[in-house]
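Residue numbers (this note's numbering): 41 to 103.
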């Protein structure tokens, strides 16, 4: 089984707080990983690419 965690994080959110809340459920979520994801989403948005639900083909997938 695979667990997928989808969280809508606002661009100005405190990534330390969000990571602290999510880390017990998904240990790979860290402040650094959230910062990277938010930066990638900002680039995608500025390039006009969709980053909404079901449109995140660049997310890492569990093996």
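We put the CB at the ideal spot given by N, CA and C, even for glycine. Model, not experiment: these values are computed from the prediction.
Whether or not the region 79 to 86 and the region 52 to 66 are in contact is what I'm after, with contact meaning three or more pairs of Cβ atoms, one per stretch, closer than 8 angstroms; do they touch?
no
Three-state secondary structure (DSSP) of residue 57
Numbered from 1 along the chain shown, position 17 holds the residue referred to as residue 57. It is helical.
Below 8 angstroms on the Cβ atoms is my contact criterion, and I expect residue 51 with residue 59 to pass it. Report the Cβ-Cβ distance as a whole number of Å.
Here residue 51 corresponds to residue number 11 of the chain shown, with the count starting at 1. Here residue 59 corresponds to residue number 19 of the chain shown, with the count starting at 1. 15 angstroms between Cβ atoms; not a contact.
So is residue 74 buried or exposed if we call it buried at 16+ other beta carbons inside 10 Å?
Within the chain shown, the letter at position 34 stands for residue 74. With 16 or more other Cβ atoms within 10 Å, it is buried.
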